Amino acid sequence: MADVADLAEEHIEREAPYLLAACHRPVPRVAAGQCLYCDAEAPGLRFCDADCRADWERLQERQRVNGWQS
Ligand SMILES: [Zn+2]
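To get my numbering, take the position in the sequence shown, counting from 1, and add 782.
In structure tokens, the structure reads:
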């Protein structure tokens, strides 16, 4: 049975590529018809749903904390 450290390591390994890719993707200042987090269609909006908005905000916070944000 996996302990908390194993689960955390699996989570980090699973999310790291997405977090790194997102770091290099420019963030538009205006809505471009696509969700800023998952690139799904979101006409006139910045996000396709509340979950993506929450995930994007969490990502921005992580980038800020880790000094990855320009
Ligand atoms: Zn989305």
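All residues carry an ideal CB built from backbone N, CA and C; glycine is no exception. Just so it is clear, the structure is predicted and the values come from calculations on it, not from any experiment.
Query raised in the report: With a CB to CB cut of under 7 Å and the five nearest residues on each side skipped, what residues in its chain are close to A787?
Result: Correct list: empty, nothing qualifies.
Query raised in the report: Would you say A790 touches ligand 1, meaning its beta carbon is less than 7 Å from a heavy atom?
Result: Because no heavy atom of ligand 1 lies under 7 Å away, the Cβ of A790 does not count as near it: no.
Query raised in the report: From P843 to A824, what distance separates their C-alpha atoms?
Result: The amino acid at residue 843 is misidentified as Pro; the sequence shows Glu. In a straight line, the C-alpha of E843 is about 23 Å away from that of A824.
**Report entry** Residue(s) in a DSSP beta bridge with E823
**Finding:** In DSSP, E823 forms a bridge with Q816.
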